[in-house]
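Trainee:
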Amino acid sequence: MLTRRIIHCLDVKDARVVKGVQFAALRDAGDPVEQAKAYGAAGADELCFLDIAASLESRGTLAQLVEQVALELSIPFAVGGGVRSVADAEKLLRCGADKVSMNSAAINDPALITAVARLAGSQSVLVAIDVRARGPGWEVRSHGGTRKTGLDAIDWAREAVDRGAGEILLTSMDHDGVGRGFALELLRAVCAAVPVPVIASGGAGTPGHFADAFEAGAAAALAASVFHFGTLTIAAVKQCCAERGFPMRIDTL
Amino acid sequence: MITAGLTAARTSVIDLGLGNLGSVLQALRRAGGEPELTSDPAELATARRIVLPGVAAFGLGMERAARFREALAQALSRSVPVLGICLGMQILFEEGDEDGTRPGLGFLPGRVTRLPASVQVPHIGWQKLERTAPSPLLPEPLAGWAYFANSYRCEAPAEIVRAVVHHGSVPIAALVQRGTLFGVQHHPEKSARDGEALLRRFLAQ
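Keeping their order, the protein sequence lines are chains Y and H. When the letters of the first sequence are read in order and numbered with this note's numbering, they come out as residues 1 to 253. When the letters of the second sequence are read in order and numbered with this note's numbering, they come out as residues 1001 to 1205.
1. Are the C-beta of Pro1122 (chain H) and some C-beta of chain Y separated by less than 8 Å?
2. With respect to the beta strand (DSSP E) encompassing Met102 (chain Y), which residues constitute its N-terminal and C-terminal limits?
3. I want to verify the contact list: residues of chain Y whose CB lies under 9 Å from the CB of Val1055 (chain H), in sequence order.
4. So Asp45 (chain Y) contacts chain H; which residues on that side make the cut at Cβ distance below 9 Å?
5. Can you tell me which of the three DSSP states Phe1058 (chain H) falls into?
6. Taking the straight line between their C-alpha atoms, what separation do you get for Arg5 (chain Y) and Ala1045 (chain H)?
7. Just curious, the beta strand (DSSP E) that Val1080 (chain H) is in, first and last residue?
8. Within this structure, are the beta carbons of Glu46 (chain Y) and Ile75 (chain Y) separated by less than 8 Å?
9. From H:Gln1177, H:His1187, H:Ser1151, H:Tyr1152, pick the residue whose C-alpha is nearest to that of Ala1163 (chain H); which is it?
10. So is Ala24 (chain Y) in contact with chain H if we call contact Cβ pairs under 8 Å?
11. Does Pro197 (chain Y) get closer than 8 Å to chain H when you measure Cβ to Cβ?
12. By Cβ distance below 6 Å, which residues in the same chain neighbour Gln68 (chain Y) in space, the five residues on each side in sequence not counted?
13. Do the stretch 161 to 172 of chain Y and the stretch 194 to 205 of chain Y touch if we need at least three Cβ pairs shorter than 8 Å?
14. Would Gln1026 (chain H) pass as an interface residue toward chain Y - the criterion being a Cβ-Cβ separation below 8 Å?
15. Buried or exposed: Thr146 (chain Y), going by 16 or more other Cβ atoms within 10 Å of its Cβ?
16. In the DSSP assignment, what residue or residues form a beta bridge with Asp162 (chain Y)?
17. Tell me whether Asn103 (chain Y) is buried or exposed, calling it buried when 16 or more other Cβ atoms sit within 10 Å of its Cβ.
18. Smallest Cα separation from Val140 (chain Y): which of Y:Asp51, Y:Val190, Y:Gly40, Y:Gly179?
19. Gly181 (chain Y) and Asp130 (chain Y) look like a contact to me (Cβ under 8 Å); what is the Cβ gap, rounded to whole Å?
20. Kindly identify the DSSP beta-bridge partner or partners of Trp170 (chain Y).
21. By alpha-carbon positions, which one of H:Pro1035, H:Thr1101, H:Gly1084 ends up nearest to Ala1047 (chain H)?
22. Residues of the stretch 1165 to 1178 of chain H in Cβ contact with chain Y at a cutoff of 9 Å, in chain order, please.
23. If you follow the alpha helix (DSSP H) that Ile1160 (chain H) is part of, which residue opens it and which one closes it?
24. Counting only C-beta atoms, is Gly1022 (chain H) closer than 8 Å to chain Y at any point?
25. Can you list, in chain order, the residues of its chain whose CB lies under 6 Å from that of Ala70 (chain Y), leaving out five sequence neighbours each side?
26. Below 8 Å on the Cβ atoms is my guess for Ser124 (chain Y) versus Leu151 (chain Y); work out the distance and round it to an integer in Å.
27. Beta-carbon of Ala219 (chain Y) versus every beta-carbon of chain H: anything under 8 Å?
28. Check the C-beta distance from Met1089 (chain H) over to Val1184 (chain H) and give it rounded, since I have them as a contact under 8 Å.
29. DSSP state of Glu46 (chain Y), grouped into three classes?
30. Taking a contact to mean a Cβ-Cβ separation below 8 Å, would you say Phe49 (chain Y) touches Val79 (chain Y) in this structure?
31. Mapping DSSP to helix, strand and coil, what is Ser1151 (chain H)?
32. Kindly indicate which three-state DSSP category His8 (chain Y) falls into: helix, strand or coil?
33. In the DSSP assignment, what residue or residues form a beta bridge with His1123 (chain H)?
34. Taking only beta-carbon atoms, is Gly1100 (chain H) less than 8 Å away from chain Y?
35. Which class does Leu1199 (chain H) belong to by DSSP, given the choice of helix, strand or coil?
36. Three-state secondary structure (DSSP) at Leu1044 (chain H)?
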């Protein structure tokens, strides 16, 4: 049986990790390669690098970062932020990313999802969806959550998968940064609507929150701050989820 | 007894211009190998070992791999160890069902089919390999963790299967072997310590 995955997300800007946790052994807390290796050793099943600047200049340095990380990291990783074209995606995949994550660009041009899936296979295509609660449902936001799109989250998740997305990274902006748990109702609805793995994001505060997300159907759960700031360890999260009955990759040593 | 010199002998990694070659090269280096990238079939004539990686669709992979068929056949006839990884494993089989039915390299009996809709597709994540028969790449019964990312599986006859995983109730051939030809459906280059151990054993072949 597949284990449920714990994904650690690192925000990067100009090829430096922003908000990196102060691992004692690290010479340079902002160095993405050092950070990646430390999280790999700490038991992360996967990493996600998110370029928060996502600017034109930033895209060049992002490719270099991906190349360096791929040479050193022995677990899979996704890269997102500013992927606007097939060429952008191809470059990141060629530099060694296992998956590319697309968000606003996929909303603007859904055919981009299909084009990247044709090139690399669906398993390398992650569509990130940021949502806020709206009336009885949820609305998709774009551009880092700043713009309303009018799209219904469930409809958009279905369309993204129909077009070739191999995974959905689902972030509830209402829950993000609050630490009171993932958006379980939203997760249940999206997991029921699409056949591909759904990654829960936004709201992790305790180890039990991750298990709650898995109970709601998530194949993986992603967090940044709780790991950055050392509030939680990946080992403690996995232990809790295993005790709640979910298969986890634990004996990594 | 494998000497350091033998282990370090030339391992040719075939460059199909697809997927994540940097990770495969670096993982082979971490495992003690000295991989060299090649896009010239003639160079396989002197290879001590050959790795065929690839992440893409079956048709595209075959399009790029077809010109290596003869050189691979000759290498196998000289008992050169060959390892296909993920798509590189799938195209070793007779045919594949991605984008219509297409012929594969035909070095292994069986066909490549899409995972059924009864399970979550793509099959993404970590699982423990279940060894079904001993192999030099899996000498211990406890075979370790493996990272998978695939929408297709190889339907291979039991006699060439050495390890499987179960995705729900669907068995997926994870390691196949015939003579010196090996194929792995997962990504040892992305499977942390256990993946590195498997690559190290391949480099000792």
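A virtual CB, placed ideally from N, CA and C, is assigned to each residue, including glycine. Just so we're clear, the structure is a prediction, and the values are computed from it rather than from any experiment.
Mentor: Considering the structure as presented:
1. yes
2. 99 to 102
3. Leu93, Asp98, Ala120, Gly121, Gln123, Ser124
4. Near Asp45 (chain Y) (Cβ distances below 9 Å), the residues of chain H are Gly1125, Trp1126, Tyr1147.
5. helix
6. 42 Å
7. Run containing Val1080 (chain H): none; DSSP gives neither H nor E here.
8. yes
9. Out of H:Gln1177, H:His1187, H:Ser1151, H:Tyr1152, H:Gln1177 has the C-alpha closest to the C-alpha of Ala1163 (chain H).
10. Residue placement at Ala24 (chain Y) cannot be trusted, given a pLDDT of 48 that sits under 50; what the coordinates show is reported in the next sentence. By the rule that beta-carbons nearer than 8 Å mark a contact, Ala24 (chain Y) does not touch chain H.
11. yes
12. Result list for Gln68 (chain Y): Val33, in chain order.
13. yes
14. Yes, its Cβ sits closer than 8 Å to a Cβ of chain Y.
15. exposed
16. Bridge partners of Asp162 (chain Y): none, in fact.
17. Buried, by the Cβ-count rule.
18. Answer by Cα proximity: Y:Val190.
19. Gly181 (chain Y) to Asp130 (chain Y), Cβ: 18 Å. No contact.
20. Checking the displayed sequence, the identity of residue 170 (chain Y) turns out to be Leu instead of Trp. Beta-bridge pairing links Leu170 (chain Y) to Y:Ile129, Y:Ala200.
21. Looking at the Cα atoms, H:Pro1035 is the closest of the given residues.
22. Val1165, His1166, His1167, Gly1168
23. Neither: Ile1160 (chain H) is in no alpha helix (DSSP H) and is coded neither H nor E.
24. Chain Y, which has a Cβ nearer than 8 Å to the Cβ of Gly1022 (chain H), makes this yes.
25. Gly96
26. The distance from the Cβ of Ser124 (chain Y) to that of Leu151 (chain Y) is about 24 Å, inconsistent with a contact at the 8 Å cut-off.
27. yes
28. 6 Å
29. Three-state result, Glu46 (chain Y): strand.
30. yes
31. coil
32. strand
33. Paired residues: H:Asn1150.
34. Not flagged as an interface residue toward chain Y: Gly1100 (chain H), since no C-beta distance is shorter than 8 Å.
35. helix
36. helix
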